[in-house]
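Data first, discussion second: the structure below is written as structure tokens.
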Amino acid sequence: MNGYNVAVVGATGAVGRTMLRILEEQSFPVKRILPLASSRSEGQTVEFMGCTVRVEEAKPSSFEGVDIALFSAGKDVSLTLSPEAVKRGAVVIDNSNAFRMDPDVPLVVPEVNPQDLHKHRGIIANPNCSTIQMVVVLKPIHDRARVKRVVVSTYQAVSGTGLEAIEELKLQSRQVLEGQKPEPSVYPHQIAFNLLPHIDVFDDTGYTMEEWKMIRETKKIMGDENIAVTATTVRVPVLNCHSESVNIETYEKVTPEEARRILAGAPGVVVMDDPANKVYPMPAYLSGKNEVFVGRIREDFTVPCGLNLWIVADNLRKGAAYNAVQIAEYLVKNNLV
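In full-length UniProt numbering, the protein residues as written are 1 to 337.
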């Protein structure tokens, strides 16, 4: 096939716009691009390959003739329209949590479990942004020494919530600096100069759904239900790039030096670990990058086989849009469309 008809659902959102950019950057073989969104956004335009393209309303008939549909418009839209797209012959790569834990739907990070794509039945789930960057680093260590337990605390940027959250952080920052009292709208509390240990909704265990996503998705992607995972997810006043403090316990001893060597050779990973020279991953400098960056690799002396890691990645790119496009590239390369 000379090219593919590609639909981007949620094309006017932060992730949708990034998907369009990455399709361009990767020279993905697009024959026709179809930006789709809600009726509110119909008639808006987006840029693609030097052309201005009109956004259309996403509805079942939109997917006639579409080969690949990249969804980033929320769970309800995915549940409604993904089956309609598949019915019309498209392969759906969905960025919501609608299908992630469905046993019949592959949940894929291409550096970790690309083989699962061969089992797809039309819908493929893109994992949670904070899960993606963590498992890219965990997988090569797991292959060497088997990960027994993971304790992760996240520091998640507001771009993970969307364009409105980005604007709210900018506005509130100005208000605080000018001595005004910010009025929260997107978040339940002020986000400027603050931390919110609250992402998604709480359940009766005291955990949030974001924390459960990391716990459950890690096991599914890694293909090992025996990995013990616990998470605390926190929203921080950073525009873009999620950061994570990750403590892991393995069955076999891995020294920090060996971990650095393993990770330096791992796909999609960049080791930035020279604290003596103040070199470590920081979100302010990594926005716009597709790789996952890891540093502060050091031994956890409280257990026989433990490591501490600091992981940073662009959540709109590797945490969402780039991972989805990587999946599409794998499908094309392996004739799975």
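Ideal placement from N, C-alpha and C gives every residue a C-beta, glycine not left out. Since the structure is predicted, the reported quantities are computational estimates derived from the model, not experimental observations.
**OP:** Check whether the Cβ of Glu167 lies closer than 7 Å to any heavy atom of the ligand SAM, and answer yes or no.
**Re:** You won't find the ligand SAM in this model; it holds no ligand whatsoever.
**OP:** Count the C-beta pairs between the stretch 102-120 and the stretch 327-336 that are closer than 8 Å, then say yes if the count reaches three, no if not.
**Re:** yes
**OP:** Inspect the CB distances between the stretch 220-229 and the stretch 278-296 and report whether three or more fall short of 8 Å.
**Re:** With a cut-off of 8 Å, the stretch 278-296 and the stretch 220-229 do not count as touching, because too few Cβ pairs lie within range.
Subject >> Element boundaries [beta strand (DSSP E), containing Thr161] >> reply: By 1-based counting over the sequence shown, the position of residue 161 is 161. Segment: none, Thr161 is in no beta strand (DSSP E) and carries neither H nor E.
**OP:** Would you list the residues sitting across from Cys51 in a DSSP beta bridge?
**Re:** For the purposes of this step, residue 51 is taken as the residue at position 51 of the sequence shown. Residue pairing by DSSP puts Cys51 in a beta bridge opposite Phe48.
**OP:** Taking only the alpha-carbon atoms, compute the straight-line gap between Arg54 and Glu299 and give it to the nearest angstrom.
**Re:** Taking the first residue of the sequence shown as position 1, residue 54 is located at position 54. Taking the first residue of the sequence shown as position 1, residue 299 is located at position 299. Cα to Cα, Arg54 sits roughly 53 Å from Glu299.
Subject >> Three-state class that DSSP yields for Arg121 in the structure shown >> reply: Working through the sequence shown from its first residue, we reach residue 121 at position 121. Note: Arg121 maps to coil in three-state DSSP.
**OP:** Can you tell me which of the three DSSP states Thr154 falls into?
**Re:** For the purposes of this step, residue 154 is taken as residue 154 along the sequence shown, with counting starting at 1. In the structure shown, Thr154 sits in a strand (DSSP, three-state: E or B).
Original post:
Is Gln180 buried or exposed, if buried means 16 or more other CB atoms sit within 10 Å of its CB?
Top reply: Counted from its first residue, the sequence shown places residue 180 at position 180. Exposed.
**OP:** Ignore the nearest five residues each way along the sequence and tell me which others in Ile141's own chain have a CB closer than 8 Å to its CB.
**Re:** Locating residue 141 in the sequence shown gives position 141, counting from the first residue. Answer for Ile141: Val147, Ile248, Thr250, Val254, Ala259, Ile262, Leu263, Leu307, listed in chain order.
Subject >> Whether Val234 touches Leu195 by CB criterion (8 Å) >> reply: Taking the first residue of the sequence shown as position 1, residue 234 is located at position 234. Taking the first residue of the sequence shown as position 1, residue 195 is located at position 195. For Val234 and Leu195, yes; Cβs fall inside 8 Å.
**OP:** Could you please give the first and the last residue of the uninterrupted alpha helix (DSSP H) stretch that includes Pro83?
**Re:** Taking the first residue of the sequence shown as 1, we reach residue 83 at position 83. Residues 75-87.
Original post:
According to the Cβ coordinates, are Val108 and Ile327 closer than 8 Å?
Top reply: Along the sequence shown, one-based indexing puts residue 108 at 108. Along the sequence shown, one-based indexing puts residue 327 at 327. In terms of Cβ geometry, Val108 and Ile327 form a close pair [threshold 8 Å].
Subject >> Beta-carbon gap between Pro29 and Gly3 smaller than 8 Å >> reply: Reading the sequence shown from its first residue, position 29 is the one you call residue 29. Reading the sequence shown from its first residue, position 3 is the one you call residue 3. In this structure, Gly3 lies closer than 8 Å to Pro29 by Cβ.
Original post:
To which residues of the same chain is Glu168 closer than 8 Å at the C-beta, ignoring the five residues directly before and after it?
Top reply: For the purposes of this step, residue 168 is identified with residue 168 of the sequence shown, where counting begins at 1. Cβ within range, chain order: Val158, Pro184, Ser185, Val186, Tyr187, Ile191.
**OP:** Please state whether DSSP places Lys333 in a helix, a strand or coil.
**Re:** Indexing the sequence shown from 1 puts residue 333 at position 333. Correct three-state label for Lys333: helix.
Original post:
Who are the Cβ neighbours of Lys213 in its own chain at under 6 Å, not counting the five residues just before and after it?
Top reply: Here residue 213 is taken as the residue at index 213 of the sequence shown, counted from 1. Same-chain partners within the cutoff: Asn128.
**OP:** Reducing DSSP to helix, strand and coil, say where Val30 ends up.
**Re:** To locate residue 30, count along the sequence shown from 1; it is residue 30. Three-state result, Val30: strand.
Subject >> Identified DSSP bridge partners for Glu57 >> reply: Indexing the sequence shown from 1 puts residue 57 at position 57. Paired residue(s): Ala37.
Original post:
Mind checking whether Ser62 and Phe71 have CB atoms under 8 Å apart?
Top reply: The residue you call residue 62 lines up with position 62 of the sequence shown. The residue you call residue 71 lines up with position 71 of the sequence shown. No, these two residues do not count as a Cβ contact at 8 Å.
Subject >> Rounded C-alpha distance that separates Ala98 from Val91 >> reply: Taking the sequence shown and counting its residues from 1, the one referred to as residue 98 is at position 98. Taking the sequence shown and counting its residues from 1, the one referred to as residue 91 is at position 91. Taking the straight line joining both Cα atoms gives about 15 Å.
Original post:
Mind pulling the alpha helix (DSSP H) runs of 4 or more residues that sit fully within the stretch 94-150?
Top reply: Runs found: 129-145.
Original post:
Which first and last residues belong to the alpha helix (DSSP H) in which Leu263 is found?
Top reply: What you label residue 263 is simply residue 263 of the sequence shown in a count that begins at 1. Element bounds for Leu263: 256-264.
**OP:** Take Pro103 as the anchor and find which of Val325, Ile123, Glu111 has the nearest alpha-carbon.
**Re:** The residue labelled residue 103 in the question sits at position 103 within the sequence shown. Of the residues Val325, Ile123, Glu111, the one whose Cα lies closest to the Cα of Pro103 is Ile123.
Subject >> Close beta carbons around Lys170, own chain, < 6 Å, minus the five adjacent residues each side >> reply: Counting from one through the sequence shown, the residue named residue 170 turns up at place 170. Hits under 6 Å: none found.
**OP:** Go ahead and label Tyr322 buried or exposed: buried means 16 or more other beta carbons lie within 10 angstroms of its beta carbon, across all protein chains shown.
**Re:** Counting from one through the sequence shown, the residue named residue 322 turns up at place 322. So Tyr322 counts as buried.
Subject >> Residues bridged to Val92 [DSSP beta-bridge criterion] >> reply: The sequence position of residue 92 within the sequence shown is 92, counting from 1. Note: Val92 sits in a beta bridge opposite Ala69, Ile123.
Original post:
Helix, strand or coil: how does DSSP classify Asn2 here?
Top reply: By 1-based counting over the sequence shown, the position of residue 2 is 2. Of the three classes helix, strand and coil, the one that applies to Asn2 here is coil, per DSSP.
Original post:
If you drop the 5 nearest sequence neighbours on each side, which residues of the same chain put their C-beta closer than 8 Å to that of Ala165?
Top reply: In the sequence shown, residue 165 corresponds to position 165, counting from 1. So the list reads Val158, Ser159, Val186, Tyr187, Ile191, once near-sequence residues are dropped.
Original post:
Cβ of Val137 within 8 Å of Cβ of Leu309?
Top reply: Along the sequence shown, read from residue 1 onward, the residue named residue 137 stands at position 137. Along the sequence shown, read from residue 1 onward, the residue named residue 309 stands at position 309. The answer is yes: Cβ separation under 8 Å.
**OP:** Using the Cα positions of Lys139 and Ala324, report the straight-line distance between them to the nearest angstrom.
**Re:** The residue you call residue 139 lines up with position 139 of the sequence shown. The residue you call residue 324 lines up with position 324 of the sequence shown. Cα-Cα distance, rounded: 19 Å.
**OP:** Compare the Cα-Cα distances from Ser243 to each of Gly319, Tyr207, Gly43 and report the closest residue.
**Re:** Here residue 243 refers to the residue found at position 243 of the sequence shown. Comparing Cα positions, the closest option is Gly319.
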